[in-house]
Amino acid sequence: MIFPISRQGMQDIAQFLIAGAVVFLLLALVTRYRGGEWRRFAIGTGALGVLVIASYALAFTVAPNIPTPPVPFTARFAQNPTPDTTQTIEAGRALFQANCAICHGPRGLGDGPQAFLLQPRPVNLQLHVPQHAQGEIHYWITNGVAGTQMPAWKEQRAADGSVTGLTDEQRWSIVRYLQALATGKVDR
Ligand code: HEC
Numbered sequence: 001m002i003f004p005i006s007r008q009g010m011q012d013i014a015q016f017l018i019a020g021a022v023v024f025l026l027l028a029l030v031t032r033y034r035g036g037e038w039r040r041f042a043i044g045t046g047a048l049g050v051l052v053i054a055s056y057a058l059a060f061t062v063a064p065n066i067p068t069p070p071v072p073f074t075a076r077f078a079q080n081p082t083p084d085t086t087q088t089i090e091a092g093r094a095l096f097q098a099n100c101a102i103c104h105g106p107r108g109l110g111d112g113p114q115a116f117l118l119q120p121r122p123v124n125l126q127l128h129v130p131q132h133a134q135g136e137i138h139y140w141i142t143n144g145v146a147g148t149q150m151p152a153w154k155e156q157r158a159a160d161g162s163v164t165g166l167t168d169e170q171r172w173s174i175v176r177y178l179q180a181l182a183t184g185k186v187d188r
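Heads up, the sequence shown is in my numbering, so the first residue is 1 and it goes up one at a time.
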């Protein structure tokens with residue numbers, strides 16, 4: 001079984017707990033200064049401290065490190081040149097079903113027929129696409145995700161003239177489809 005929260009996610013949780021521990025510590029110091037019952041705040045600090053250590057321990061042992069690579073600044077803010085129309089979304093849907101569904105699943109849930117062979121497994125795109133700038137999604141589709149089996153879909157021309165991959169417009173139309181899927185604009 002794969003631990004359900006990624007390393008990055010566990011680190012975020014740990015930071016949240018640290019913030020809580022700091023609050024409790026301040027409360028303990030303030031109540032102590034005022035001569036109040038400060039011990040229960042100190043116990044709170046200690047308990048959160050233990051959880052912080054546990055979160056980091058999980059983060060760097062069982063939690064999977066999903067290496068979505070950083071995206072260059074300019075690519076992140078790239079705008080989608082395709083029109084936001086049902087035709088674009090429909091074109092993106094057809095391309096996604098033909099090229100991506102085998103791993104990502106017909107609805108992008110990460111449940112394609114080949115998904116169980118992959119390590120790391122594809123994530124749920126309905127959840128992940130809204131969490132990223134569209135330029136990032138486009139960048140990963142174009143260049144692939146290093147350290148995973150996600151291929152680069154940039155158009156490539158081989159020496160014998162054969163063309164593989166998808167055009168820029170095709171990749172951007174897939175982004176439109178994935179956004180429509182995530183927002184429920186098209187059938188999930
Ligand atoms: C051979 C299997 C495979 C195919 C085919 C494939 N992917 Fe992926 N994809 C992956 C894996 C594995 C990852 C890395 C784990 C992850 O981030 O989901 C990934 C990552 C991604 C991500 C980054 C998601 C994120 O937020 O981390 C996007 C976007 C994506 N794929 C879109 C596509 C699109 C669009 C296509 C088709 C043009 C496609 N993929 C085809 C396996 C595949």
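Every residue gets a Cβ at the ideal spot worked out from N, C-alpha and C, and that includes glycine. Bear in mind the structure is a predicted one, so any value in this text is a computation, not a measurement.
Asked: Which of helix, strand or coil DSSP assigns to R157; Found: strand
Asked: Which of helix, strand or coil DSSP assigns to L118; Found: coil
Asked: Check whether V189 and T82 have beta carbons under 9 Å apart; Found: No statement about residue 189 is possible, as the shown extent of the chain runs from 1 to 188 and does not include it.
Asked: Whole-angstrom distance between R7 and L125, CA atom to CA atom; Found: 18 Å
Asked: Distance between S55 and L26 (C-alpha atoms, nearest Å); Found: 22 Å
Asked: Straight-line gap, R40 to I53 (C-alpha atoms, nearest Å); Found: 20 Å
Asked: Ligand 1 heavy atom lying under 8 Å from the CB of Q156; Found: no
Asked: Contact between the segment 135–155 and the segment 29–43 (3+ Cβ pairs under 8 Å); Found: no
Asked: Extent of the continuous alpha helix (DSSP H) to which S162 belongs; Found: Neither: S162 is in no alpha helix (DSSP H) and is coded neither H nor E.
Asked: Start-to-end residues for the alpha helix (DSSP H) that takes in W38; Found: Segment: none, W38 is in no alpha helix (DSSP H) and carries neither H nor E.
Asked: Best match in I18, T61, R34 and V50 for proximity to I5 [C-alpha to C-alpha]; Found: T61
Asked: Inter-stretch contact (C-beta, 8 Å, three-pair minimum) for the segment 75–93 and the segment 180–188; Found: yes
Asked: Beta-carbon separation (whole angstroms), P64 vs P130, contact threshold 8 Å; Found: Incorrect: roughly 21 Å between the Cβ atoms, too far for contact.
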